[in-house]
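Trainee: Pasting in a structure now, in structure tokens, and then I'll have a few things to ask.
Numbering (this note's numbering), first residue to last: 1 to 392.
If you want it as structure tokens, here you go:
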């Protein structure tokens, strides 16, 4: 399955002095190929759009593109991480060997495919939460290909990849493409004898995102309510896995100008995450970390505009705990210090919230000492701007 991408060609480099070629640029070097020179019956297509390929990756030599722009997009989206891993999967084996060797090779191939499937899905999720929708497409396409290789073309296991492609298409405002992917996902769910609640939750969330992007807020709220329902069936309504649905619900309320509803939903999210981060019982992968940062960053902006300074400081404290939980101690210390400063100024040094913030700050400092990492003194960038639209 291919997705058409709009690309912009780079300006001519004529008469410019080129800087030294970096490792990344070397990895993106390509070799020209002529489609007319392909062996009879062999068609080499672009990795992204499916059009005839005119260049191939110079490193792996098993990945092809219609032009340099699509190669760069694919490289930044996923190929950088899987380039060398594709060689063994896409290179035909000349000698089959014994039956035992064939079975062993098939097991190895399947194991690699499953690993690359999970890597591709994680990268796609991460790019989506970072708002890099164009770069999420290549990773999601790879996830779909590996899903088909591992599970077959009619499996319910293809649904997560369809949903990734659908969400990326929504972000790019390619609504017809998004509807096609979501329809494929919905049809797969309807055909399946059983379907995990997590998959149903994500399906409803993506339809909610689609309707919200199109301005159909009532239908979006209905879909997101179903998202929260199915998500809560596995772990209850107060688990961090449910907060993604709450967050999107709050975004729709904000677009409707229903500020009290947004406040209530965002307060619920923070109340769920605070004990989870304190206990550290949950292990977050890169995609979940990116989602959590997006959620907290948006809530911080909202509270800065609509709530008290201490309410915004609470989000900084949670961000500090989040960064601390996966080893980003310098950022963690910065956010916790900001929160502590606000609490001391607004509430005094002996207030219970100030004492809690000071305790968390000291814990982060202790973790820095234990890890042997000393802060550089360089301040990280401020919290990312929210992608939430202003009230309509």
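Every residue gets a Cβ at the ideal spot worked out from N, C-alpha and C, and that includes glycine.
Based on the DSSP output, what are the partners of residue 30 in its beta bridges?
Mentor: In the chain shown, counting from the first residue as 1, residue 30 sits at position 30. Answer by DSSP bridge pairing, in chain order: 57.
Trainee: Can you check which of these residues, 122, 311, 171 and 86, is closest to residue 109 by C-alpha distance?
Mentor: Taking the first residue of the chain shown as position 1, residue 109 is located at position 109. Ranking the options by Cα distance to residue 109, first place goes to 86.
Trainee: Using C-beta distances below 6 Å, list every residue in its chain close to residue 142, excluding the 5 sequence neighbours before and after it, in chain order.
Mentor: As a position in the chain shown, residue 142 is number 142, starting the count at 1. Closer than 6 Å at Cβ, skipping near neighbours: 78 and 120.
Trainee: Go ahead and pull the three-state DSSP assignment for residue 52.
Mentor: Indexing the chain shown from 1 puts residue 52 at position 52. Strand at residue 52.
Trainee: For residue 165, which residues from the same chain have a beta carbon less than 6 Å from its beta carbon, with the 5 sequence-adjacent residues on both sides left out?
Mentor: Here residue 165 refers to the residue found at position 165 when the chain shown is read from its first residue. Around residue 165: 140 and 181.
Trainee: Does the beta-carbon of residue 115 have 16 or more other beta-carbons within 10 angstroms, so that it is buried, or is it exposed?
Mentor: In the chain shown, counting from the first residue as 1, residue 115 sits at position 115. When all chains shown are included, residue 115 counts as exposed.
Trainee: By the DSSP assignment, the alpha helix (DSSP H) with residue 303 in it spans what residues?
Mentor: Within the chain shown, the letter at position 303 stands for residue 303. Counting along the chain, the alpha helix (DSSP H) containing residue 303 begins and ends at 286–306.
Trainee: Below 8 Å on the Cβ atoms is my contact criterion, and I expect residue 249 with residue 202 to pass it. Report the Cβ-Cβ distance as a whole number of Å.
Mentor: Here residue 249 refers to the residue found at position 249 when the chain shown is read from its first residue. Here residue 202 refers to the residue found at position 202 when the chain shown is read from its first residue. Not a contact, Cβ separation roughly 15 Å.
Trainee: Terminal residues of the continuous alpha helix (DSSP H) containing residue 102?
Mentor: On the chain shown, position 102 is the one that residue 102 refers to. First-last of the alpha helix (DSSP H) with residue 102: 99–129.
Trainee: Would you kindly work out how many angstroms separate the C-alpha atoms of residue 146 and residue 113, rounded to a whole number?
Mentor: In the chain shown, the residue the question calls residue 146 occupies position 146. In the chain shown, the residue the question calls residue 113 occupies position 113. About 6 Å.
Trainee: Using 10 angstroms around the beta-carbon of residue 174, count the other beta-carbons present and answer buried if the total reaches 16, otherwise exposed.
Mentor: In the chain shown, residue 174 corresponds to position 174, counting from 1. Looking at its Cβ environment, which holds 16 or more other Cβ atoms inside 10 Å, residue 174 is buried.
Trainee: When the Cα atoms are used, what is the spatial distance from residue 282 to residue 99?
Mentor: Taking the chain shown and counting its residues from 1, the one referred to as residue 282 is at position 282. Taking the chain shown and counting its residues from 1, the one referred to as residue 99 is at position 99. When rounded, the distance between both Cα atoms is 44 Å.
Trainee: Would the beta-carbon of residue 70 fall within 8 Å of that of residue 57?
Mentor: Position 70 of the chain shown, counted from the start, is the residue given in the question as residue 70. Position 57 of the chain shown, counted from the start, is the residue given in the question as residue 57. In this structure, residue 57 does not lie closer than 8 Å to residue 70 by Cβ.
Trainee: When the Cα atoms are used, what is the spatial distance from residue 343 to residue 253?
Mentor: Within the chain shown, numbered from 1, the residue matching residue 343 stands at position 343. Within the chain shown, numbered from 1, the residue matching residue 253 stands at position 253. For residue 343 and residue 253, the distance between alpha carbons rounds to 29 Å.
Trainee: Within a Cβ cutoff of 7 Å, which residues of the same chain sit near residue 154, ignoring the five residues on either side of it in sequence?
Mentor: As a first step, residue 154 must be located in the chain shown, where it is residue number 154. So no residue of the chain qualifies.
Trainee: Could you tell me the alpha carbon to alpha carbon distance between residue 84 and residue 34, rounded to whole angstroms?
Mentor: Translated into positions along the chain shown, residue 84 becomes position 84. Translated into positions along the chain shown, residue 34 becomes position 34. If I take the Cα positions, the gap works out to 23 Å.
Trainee: Could you check what DSSP says for residue 229 in three-state terms: helix, strand or coil?
Mentor: For this step, residue 229 is matched to residue 229 along the chain shown. Helix at residue 229.
Trainee: Output the distance between the C-alpha atoms of residue 357 and residue 236, rounded to the nearest integer angstrom.
Mentor: Mapped onto the chain shown, residue 357 falls at position 357. Mapped onto the chain shown, residue 236 falls at position 236. Their Cα atoms are separated by approximately 28 Å.
Trainee: Identify every residue that forms a DSSP beta bridge with residue 64.
Mentor: Taking the first residue of the chain shown as 1, we reach residue 64 at position 64. DSSP, once it has assigned bridges, lists 56 as partnering residue 64.
Trainee: If residue 293 sits next to residue 322, beta carbons under 8 Å apart, how far is it from one beta carbon to the other, in whole angstroms?
Mentor: Taking the first residue of the chain shown as 1, we reach residue 293 at position 293. Taking the first residue of the chain shown as 1, we reach residue 322 at position 322. Sure, about 7 Å apart at Cβ, within 8 Å.
Trainee: Return the first residue and the last residue of the alpha helix (DSSP H) that residue 167 is part of.
Mentor: The residue labelled residue 167 in the question sits at position 167 within the chain shown. 159–171 is the span of the alpha helix (DSSP H), which, as asked, contains residue 167.
Trainee: Please work out which residues of its chain come closer than 7 Å, Cβ to Cβ, to residue 372, disregarding the five sequence neighbours upstream and downstream, and give them in chain order.
Mentor: Position 372 of the chain shown, counting from 1, holds the residue named residue 372. Once the five neighbours on either side are set aside, residue 372 has no close Cβ partner at all.
Trainee: Please report how far the alpha carbon of residue 242 lies from the alpha carbon of residue 193, in whole angstroms.
Mentor: Position 242 of the chain shown holds residue 242. Position 193 of the chain shown holds residue 193. The straight-line gap from Cα to Cα measures roughly 25 Å.
Trainee: Select from 207, 88 and 117 the residue whose C-alpha is nearest the C-alpha of residue 105.
Mentor: Counting from one through the chain shown, the residue named residue 105 turns up at place 105. When only C-alpha atoms are compared, the closest one is 88.
Trainee: Quick check: the Cα distance between residue 468 and residue 159, rounded to an integer number of angstroms?
Mentor: Residue 468 is absent from the structure shown; the chain starts at 1 and stops at 392.
Trainee: Would you report the Cα separation of residue 306 and residue 225, rounded to the nearest angstrom?
Mentor: As a position in the chain shown, residue 306 is number 306, starting the count at 1. As a position in the chain shown, residue 225 is number 225, starting the count at 1. Cα to Cα, the separation comes out at about 25 Å.
Trainee: In the DSSP output, what is residue 45 paired with across the bridge?
Mentor: As a first step, residue 45 is located in the chain shown; it is residue number 45 there, counting from the start. Paired residue(s): 52.
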